[in-house]
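Each protein sequence line maps, in turn, to chains A and B.
Numbered according to our numbering, the first sequence spans residues 15 to 226.
Numbered according to our numbering, the second sequence spans residues 15 to 226.
Glycine residues also receive a C-beta, built at the ideal position from the N, C-alpha and C atoms.
Only one structure is covered here, and it is reproduced in the block below.
There are 2 protein chains.
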Amino acid sequence: MAEKEISQAVISRLPRYFRYLGELKDEGVERISSQDLSVLMHVTASQIRQDFNNFGGFGQQGYGYNVEYLYTEIGKILGLDHTHNLIIIGAGNLGQALANYMNFERRGFVFEGIFDQNPALYGKQIRNLVVQPMENLREFVTAHNIDIAVLCIPKTAAVAVADDLVKCGIKAFWNFAHVDLNVPESVEVENVHLSDSLIKLSYNLNANHHEA
Amino acid sequence: MAEKEISQAVISRLPRYFRYLGELKDEGVERISSQDLSVLMHVTASQIRQDFNNFGGFGQQGYGYNVEYLYTEIGKILGLDHTHNLIIIGAGNLGQALANYMNFERRGFVFEGIFDQNPALYGKQIRNLVVQPMENLREFVTAHNIDIAVLCIPKTAAVAVADDLVKCGIKAFWNFAHVDLNVPESVEVENVHLSDSLIKLSYNLNANHHEA
């Protein structure tokens, strides 16, 4: 399979397909045409077919897609047919909010630990987790087969902490620190730069107002 | 100016330029060439020049860009030369985490109020804000000239609440609810779908492992 050649733009759209198909499945819908899916999702039917063709197509032309099959197959492609073990680095407001959010676990993303460098937080319980010192990291990552680290620490610390985590065997970062990490190419990074997102909204609000 | 014609891909990159230029400015750097900026940001110099040409170019070829000027101009384009007034809808973990995060205010995004439908939270103080009932929304939005609403509520409530907020005069949504809003075209929406982002990371982790 040539999965590596699939563009990040296509991959960015897959979770949204997965979400809509999950909702259709929950509503008891068995089949859906690319036309109906396109109306629901506000994208063109042609884009849907092109996106799905990257993975062999999934459906019969003219007969529509089997919702449950498509949901399952896209889930497999997204790696959601097995669980991922995560740790959260930084037990501040955001780290705690993520630890408390149950929906990630329903998708197989299991928070196994939360770490902070502030001794005042050691031992603090957040849902089923207890804040641990950073010194425990290396041993914990190995013992619990952690593959994803969630960075909820200030940008001044994030680059160095990421380096350490790579040495501990972390293969992927979900990065909320407002800085671009500098990790080896074999390590995956997904950035959630909240300020950048808010600034983009500001631009669109501005442009819309001045031009409308 | 033809701001409307600028692609969302270019606009998505502007906050990152702004961030790097802010850091260069803080480090006392006065001028930078597109080549040096490209090395720093891991993008091609050609892309930088193309992106900047959407806004008239900013710099002298061969002489480099004036960092402070470029920072200021991009800030203006992004609408960061004036403040925005925001409200947070939903005072759960995420809403509280955002309310507590000071960096948004430094960029001119001022949280003026936080609202929830849970009476148990009414009156709760979060930094300088006090949780208010949703019934206060309409009056508050008008009185405080609110232009952006931050949705930190479950997806089941988000679409209806967004409709109400549009009627109250809200012009932009920063949407953390895991659903696509259905608002008029004149209203801006910037989605932060955390689950989609985490699922994309899962895909890349998976693809990387199977293919490497």
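Based on the DSSP secondary-structure assignment, which residues constitute the bridge partners of Q308/B?
Since the first and last residues shown for chain B are 15 and 226, residue 308/B lies out of range.
Taking only beta-carbon atoms, is I101/B less than 8 angstroms away from chain A?
no
Answer yes or no: do V228/B and V173/B have a C-beta to C-beta separation smaller than 8 angstroms?
Residue numbering for chain B in the displayed model covers 15 to 226; residue 228/B lies beyond these limits and cannot be assessed.
I believe L245/A touches R120/A by the beta-carbon criterion, under 8 angstroms. Please report the beta-carbon distance rounded to the nearest angstrom.
The structure shown does not extend to residue 245/A, since chain A spans only 15 to 226, so no value can be given for it.
Could you compute how far the alpha carbon of G106/B sits from the alpha carbon of G137/B?
14 angstroms
Got a sec: is the Cβ-Cβ distance from V206/A to anything in chain B below 8 angstroms?
yes
To the nearest angstrom, report how far apart N220/A and Y83/A are at their CA atoms.
43 angstroms
What residue ranges within the stretch 135-188 of chain A form continuous beta strand (DSSP E) runs of no fewer than 3 residues, ordered along the chain?
143-147 and 162-165
When you compare only the Cα positions, how much space is there between T97/A and D40/B?
43 angstroms
Restricting to Cα atoms, I'd like to know which of F154/B, L92/B and I102/B is closest to F187/B.
I102/B
Would a check of beta-carbon distances place P133/B closer than 8 angstroms to chain A?
Chain A contact via Cβ: absent.
From what residue to what residue does the beta strand (DSSP E) around E202/B run?
E202 to N205
If you draw a straight line from the alpha carbon of T217/B to that of L92/A, how long is it in whole angstroms?
First, the amino acid is wrong: residue 217/B is Tyr here, not Thr. C-alpha separation (whole angstroms): 4 angstroms.
Looking at C-alpha atoms only, which residue of M116/A, G70/A and G42/A is the closest neighbour of P168/B?
Closest by alpha carbon: M116/A.
From R141/B, F129/B and K90/B, pick the residue whose C-alpha is nearest to that of A113/B; which is it?
Relative to A113/B, the option among R141/B, F129/B and K90/B whose CA is nearest is R141/B.
Note down, in chain order, each residue of its chain lying with its Cβ closer than 6 angstroms to the Cβ of A22/A, except the 5 sequence neighbours on either side.
Per the sequence shown, the amino acid found at residue 22/A is Gln instead of Ala. Scanning its chain for C-beta atoms nearer than 6 angstroms, with the 5 sequence neighbours on each side dropped, one finds no residue around Q22/A.
Since G78/A and S47/A are thought to touch, with beta carbons under 8 angstroms apart, how far apart are those beta carbons, to the nearest angstrom?
4 angstroms
Tell me where the alpha helix (DSSP H) around Q117/A begins and ends.
The identity of residue 117/A in the sequence shown is Asn, whereas the question assumes Gln. From DSSP, the alpha helix (DSSP H) with N117/A extends over N117 to R120.
Taking C-beta to C-beta, are N80/B and E126/B nearer than 8 angstroms?
In this structure, E126/B does not lie closer than 8 angstroms to N80/B by Cβ.
E204/A: buried (16+ other C-beta within 10 angstroms of its C-beta) or exposed?
buried
Residues in the same chain with beta-carbon distance under 8 angstroms from V201/A, minus the five sequence neighbours each way, listed in chain order, please.
V180, I184, K185, A186 and F187
May I ask which residues mark the beginning and end of the alpha helix (DSSP H) holding L54/B?
S48 to M55
May I have the straight-line CA-CA distance separating E149/A from A176/A, to the nearest angstrom?
Going by the C-alpha atoms only, they are around 14 angstroms apart.
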